[in-house]
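Chemist:
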Amino acid sequence: ETAINRIAAGEVVERPSAAVKELVENSIDAGATRIEVVIADGGKTLIRVTDNGCGITADQLPLALSRHATSKIDGSDLLNIHSFGFRGEALPSLGAVGRLTITSRCGGEEASVIAVAGGRMEAVKPAALSEGTVVELKDLFYATPARLKFLRTDRAEAQAVTDTVKRLAMAEPFISFSLVDASGGNRREVFRADAEQGEMFDALNGRLATVLGRDFAENSIAIDAERDGFHLTGYAALPTYSRGSSAAQFLFVNGRPVKDKLLIGALRGAYMDFLSRDRHPAAALFVDCNPQLVDVNVHPAKSEVRFREPGLVRGLIVSGLRHALAGAGH
Ligand code: ADP
Ligand code: MG
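Put into structure tokens, the structure is as follows:
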């Protein structure tokens, strides 16, 4: 069981940013409106995610650490994946590759804590916590030194964590996020995004201003298009604005950050008349569809997706963007 967990862990958690992604996605799934991430030494020695979500009951805590014990799917419905979590693998994997402690309080119950290190689970004990869940992962990969060697510098790993938190924050403008670097005993706030208010497009614009900068938020147009069960929303830069970097392209499918050639290609295609082939139009785009129309489970750690009908999605993006750009006089 421990060996299996360790192998699976390598798939799910390749580096600190992957652990942060899994933990923050769990907090989002738990309905949190406030999520705080603390890391130290690039996340290698400490990752702590604190949320104000629904929490986990004492009797469910050991279950949350068992392989494939997800509370988010009922087995008969494997394709109908609405929440981020559907594998039930993240927590057991993290418990196999680091010293994991979960403290949680659910409703009016007493808070409780469970610890697992190297795949060995301790008994659930009472704890003190006012609400939500605190997941702490210390000494990632201490039990698998071979993996430690593949990690990059603290600075590079911290940057990857920052990028991950920013991406997740873009997709959830109504949730407050903060990222603190606690290396060497100091607390330095690396990123902060307070919860946005109001209507979805305003909230998203506000969040994009925080994450990508006011310049992008003010020089982009709202995208809102629908076709054959696919809904495209977000903001795309006016042709007059270009950061000229692929890092400015942020794509999401059903709320999940993805890096997908089809979507990037469609985005570029929409700007073909304005930009030379080597330019990268800046955009934050969200494709939402019935989960049955897309496979997001291609690889747990990679952000690839596979659409049932790629042509439809490409067409929607190209026409949706072109229509919006034409409407803005381009
Ligand atoms: P999955 O997210 O795929 O269900 P995980 O291993 O990530 O699997 O989590 C296992 C279970 O633990 C979840 O299904 C959920 O019930 C519970 N859980 C994990 N993190 C949280 C959290 N922050 N708040 C509430 N429940 C959580
Ligand atoms: Mg999960």
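Residue numbers (full-length UniProt numbering): 20 to 349. Even for Gly, the Cβ is constructed at its ideal location relative to N, Cα and C.
Suppose only complete runs of 4+ residues qualify. What are the alpha helix (DSSP H) ranges in the stretch 143-192, listed by chain order?
Modeler: 164-167, 173-190
Chemist: Pull up the CB-CB distance for SER202 and ALA59, whole angstroms please, since I reckon it's below 8 Å.
Modeler: Sure, about 5 Å apart at Cβ, within 8 Å.
Chemist: Along the chain, where does the alpha helix (DSSP H) containing GLY253 start, and where does it finish?
Modeler: Careful: GLY253 lies outside any alpha helix (DSSP H), inside the beta strand (DSSP E) at 249-256.
Chemist: Where are the beta strand (DSSP E) runs, 3 residues long or more, that stay fully inside the stretch 270-328, in chain order?
Modeler: Correct list: 275-277, 302-308.
Chemist: Would the beta-carbon of LEU156 fall within 8 Å of that of LEU198?
Modeler: no
Chemist: Which word fits THR259, buried or exposed, when buried means at least 16 other C-beta atoms lie within 10 angstroms of its C-beta?
Modeler: exposed
Chemist: Please list, in chain order, all residues of the same chain as ALA77 whose beta carbon is under 6 Å from its beta carbon, the five residues on each side excluded.
Modeler: SER131, VAL143
Chemist: Taking the alpha helix (DSSP H) that ALA38 falls in, what are its first and last residues?
Modeler: 35-48
Chemist: Among GLU328, VAL324, SER149, ALA236, which has the Cα closest to the Cα of GLY274?
Modeler: VAL324
Chemist: Which residues in the same chain have their Cβ closer than 8 Å to the Cβ of GLY248, if we skip the five residues on either side of it in sequence?
Modeler: CYS308, ASN309, LEU312
Chemist: Just the C-alpha distance for SER265 and ILE242, rounded to the nearest angstrom, thanks.
Modeler: Note that SER265 has pLDDT 43, beneath the 50 cutoff, so the model's placement of it is unreliable and no number is given.
Chemist: At a cut-off of 7 Å, is ASN45 close to the ligand MG when judged by its beta-carbon and the heavy atoms of the ligand?
Modeler: yes
Chemist: Just curious, the alpha helix (DSSP H) that THR229 is in, first and last residue?
Modeler: Unbroken alpha helix (DSSP H) run through THR229: 219-231.
Chemist: Grouping DSSP H, G and I as helix and E and B as strand, with all else coil, what is LEU84?
Modeler: Secondary structure of LEU84 (DSSP, three-state): coil.
Chemist: Does any heavy atom of the ligand ADP sit closer than 7 Å to the C-beta of ALA109?
Modeler: Indeed, a heavy atom of the ligand ADP lies less than 7 Å from the Cβ.
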